[in-house]
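Data first, discussion second: the structure below is written as structure tokens.
Number of protein chains: 2
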Amino acid sequence: MKRDSRLSGVLHVLLHMAEQDTPMTSEQLAKAMQTHPVVIRRTLGGLRDAGFVHSEKGHGGGWTIAKPLAGITMRDVYDAIGRPSLMAMGNRTDAPGCLVEQAVNAALDTGFREAEALLLARFGQVTLAELAADFHARMAARSLSPTPQEHIHD
Amino acid sequence: MKRDSRLSGVLHVLLHMAEQDTPMTSEQLAKAMQTHPVVIRRTLGGLRDAGFVHSEKGHGGGWTIAKPLAGITMRDVYDAIGRPSLMAMGNRTDAPGCLVEQAVNAALDTGFREAEALLLARFGQVTLAELAADFHARMAARSLSPTPQEHIHD
DNA sequence: TTTCATGTAACTTTAAATAGTGCATGAAAC
DNA sequence: GTTTCATGCACTATTTAAAGTTACATGAAA
Numbered sequence: 002m003k004r005d006s007r008l009s010g011v012l013h014v015l016l017h018m019a020e021q022d023t024p025m026t027s028e029q030l031a032k033a034m035q036t037h038p039v040v041i042r043r044t045l046g047g048l049r050d051a052g053f054v055h056s057e058k059g060h061g062g063g064w065t066i067a068k069p070l071a072g073i074t075m076r077d078v079y080d081a082i083g084r085p086s087l088m089a090m091g092n093r094t095d096a097p098g099c100l101v102e103q104a105v106n107a108a109l110d111t112g113f114r115e116a117e118a119l120l121l122a123r124f125g126q127v128t129l130a131e132l133a134a135d136f137h138a139r140m141a142a143r144s145l146s147p148t149p150q151e152h153i154h155d
Numbered sequence: 002m003k004r005d006s007r008l009s010g011v012l013h014v015l016l017h018m019a020e021q022d023t024p025m026t027s028e029q030l031a032k033a034m035q036t037h038p039v040v041i042r043r044t045l046g047g048l049r050d051a052g053f054v055h056s057e058k059g060h061g062g063g064w065t066i067a068k069p070l071a072g073i074t075m076r077d078v079y080d081a082i083g084r085p086s087l088m089a090m091g092n093r094t095d096a097p098g099c100l101v102e103q104a105v106n107a108a109l110d111t112g113f114r115e116a117e118a119l120l121l122a123r124f125g126q127v128t129l130a131e132l133a134a135d136f137h138a139r140m141a142a143r144s145l146s147p148t149p150q151e152h153i154h155d
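Protein chains in written order, with my numbering: chain C, 2 to 155; chain D, 2 to 155.
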């Protein structure tokens with residue numbers, strides 16, 4: 002399958018939204034993400050249902066952050082987009098009658114579960130406010146360089 | 002893409018080979034795995050290059066284990082099949098000029114690297130001998146049940 | 001020399017994410 | 001009120017990598 006980049010993408014979008022006072026349309030966000038507006042609406046739909054963002058129709062409409070960034074963790078965002086599978090590998094069959102396969106699956110699953118638990122625990126410790134702070138630190142560092150650039154894409 | 006089940010599959014095949022004294026053909030192994038002989042030859046090719054299995058052509062040929070099971074870890078097998086990516090998720094772009102994306106990617110990558118390291122460390126602690134022992138324990142448990150079955154697939 | 005089995009290079013199929021189209025809905029501007 | 005702008009959503013198309021398949025060369029044993 003294709004590599005899943007939804008979490009990466011939606012975090013990116015959220016931080017861009019946080020830099021704006023006014024609502025951003027899915028078209029603006031799609032441009033910044035070099036993707037399609039419908040993809041933006043689709044992934045942000047989950048965040049809206051979870052109460053993290055708000056969407057408005059019509060003139061002046063678009064997307065806004067609905068909660069303080071410090072109150073949203075990467076784990077929250079992961080949950081809101083539907084908890085896509087984290088591991089690229091899986092077992093050959095789900096219901097193995099073969100005892101060899103059962104032994105193999107048990108060993109693999111133990112490892113996968115541990116790795117997933119660690120990953121989700123880490124994500125639960127990082128708030129969007131921290132990501133935004135990291136971004137601003139990078140901004141400050143870059144502004145010292147000879148050719149400062151905008152923080153938003155073209 | 003499809004879910005990667007190569008590690009699961011090749012471990013399964015190795016344990017079946019270990020139960021046999023004589024070489025097993027890729028056709029026999031494919032039957033047990035409900036897959037295609039060429040798929041078996043493809044994945045076992047990496048293990049052959051790594052010295053874990055041996056293959057022989059012609060009459061009476063086939064595949065045999067070339068090292069004691071206690072000397073092969075799940076990590077070794079993972080390496081031998083080419084270290085396929087473990088995480089289903091990744092970053093949107095590899096070379097982000099956007100500072101927001103840099104901040105997001107840095108946070109995600111930290112988590113992914115930690116989870117991968119944990120997983121590989123766990124895999125490095127489990128030898129095929131232990132998997133085989135687990136299989137035999139399951140065999141013994143089943144043989145107590147009213148309808149004992151063969152350990153090998155039809 | 002025939003038969004069996006691997007080795008490998010194509011090509012096809014499949015699963016899942018992403019991309020895109022079309023239209024309904026609803027809000028603001030005129 | 002009607003035009004314009006924006007989301008909501010159903011549906012289809014594209015893309016990516018694994019898995020499945022075909023075809024044939026190679027090499028060993030019968």
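Note that CB positions come from ideal geometry on N, CA and C, so glycine has one too.
| Query | Result |
| --- | --- |
| Measuring straight from C-alpha to C-alpha, what distance separates A104/D and F136/C? | 5 Å |
| Going by other Cβ atoms of all chains shown within 10 Å of its Cβ, with 16 needed for buried, is S144/C buried or exposed? | exposed |
| Quick one: Cα of Q29/D to Cα of G63/D, how far? | 9 Å |
| Please check the pair L129/C and L48/C, which I expect to be a contact at CB under 8 Å, by giving their CB distance rounded to whole angstroms. | With 8 Å as the limit, L129/C and L48/C do not qualify as a contact, their Cβ atoms being about 11 Å apart. |
| T111/C: buried (16+ other C-beta within 10 angstroms of its C-beta) or exposed? | exposed |
| By Cβ distance, which residues of its chain are closer than 8 Å to G52/C, with the 5 residues on each side in sequence left out? | A67 and K68 |
| Could you round the C-beta distance between L100/D and M140/C to whole angstroms and report it? I think they count as a contact, below 8 Å. | 6 Å |
| For the region 18 to 32 of chain C, enumerate the residues whose C-beta is nearer than 7 Å to any C-beta of chain D, in chain order. | none |
| Under 8 Å between beta-carbons, which chain C residues line up against R93/D? List them in chain order, please. | S6, S9, G10, H13 and M34 |
| How do the region 33 to 40 of chain C and the region 83 to 93 of chain C stand: do at least 3 beta-carbon pairs fall below 8 Å, yes or no? | no |
| What does a CB cutoff of less than 7 Å around L8/D pick up in its chain, not counting 5 residues either side in sequence? | V78, Y79 and I82 |
| Looking at the unbroken alpha helix (DSSP H) that takes in T44/C, where does it start and where does it end? | P38 to D50 |
| Whole angstroms are fine: how far does the CA of L109/C sit from the CA of L121/D? | 11 Å |
| Please decide whether L109/D counts as near chain C, where near means a Cβ-Cβ distance under 8 Å. | yes |
| Assign D155/D to buried or exposed, taking buried as 16 or more other Cβ atoms, counted over all protein chains shown, within 10 Å of its Cβ. | Residue confidence for D155/D is low, a pLDDT of 45 falling below 50, so the modelled location carries little weight; the figure read from the coordinates is stated next. Answer is exposed; the Cβ neighbour count stays below 16. |
| Would you verify that the beta carbon of R42/C is, or is not, closer than 8 Å to some beta carbon of chain D? | no |
| List the residues of chain C whose Cβ lies closer than 7 Å to the Cβ of L119/D, in chain order. | E115, A116 and L119 |
| Rounded C-beta distance between R190/D and E115/C? I'm assuming under 8 Å. | With chain D covering 2 to 155 only, the question about residue 190/D has no answer from this structure. |
| Would you say D77/C lies against chain D (beta-carbon separation less than 8 Å)? | no |
| Nearest chain C C-beta to G125/D closer than 8 Å, yes or no? | no |
| Residues of chain D with CB closer than 8 Å to the CB of D135/C, please, in chain order. | A104, A107 and A108 |
| Looking only at C-alpha atoms, which of T65/C, P85/C and G46/C sits nearest to H55/C? | T65/C |
| Could you check if H60/C is buried or exposed, using at least 16 other CB atoms within 10 Å of its CB as the buried criterion? | exposed |
| Taking only beta-carbon positions, decide if P85/C is within less than 8 Å of chain D. | yes |
| If we require 4 or more residues per run, which alpha helix (DSSP H) segments fall completely within the region 52 to 116 of chain D? | 75 to 81 |
| Based on the DSSP secondary-structure assignment, which residues constitute the bridge partners of M25/D? | W64/D |
| Do L45/C and L132/C have their beta-carbon atoms positioned less than 8 Å apart in this structure? | no |
| Which residue's Cα is closest to the Cα of T156/C: E57/C, F113/C and G98/C? | Residue 156/C lies beyond the residue range present for chain C, which begins at 2 and ends at 155; the question has no answer from this structure. |
| Could you tell me whether the Cβ of G47/D comes closer than 8 Å to any Cβ of chain C? | no |
| Leaving out the 5 sequence neighbours to the left and right, which residues in its chain are closer than 8 Å to T74/C when beta-carbon positions are compared? | F124, G125, Q126, V127, T128 and L129 |
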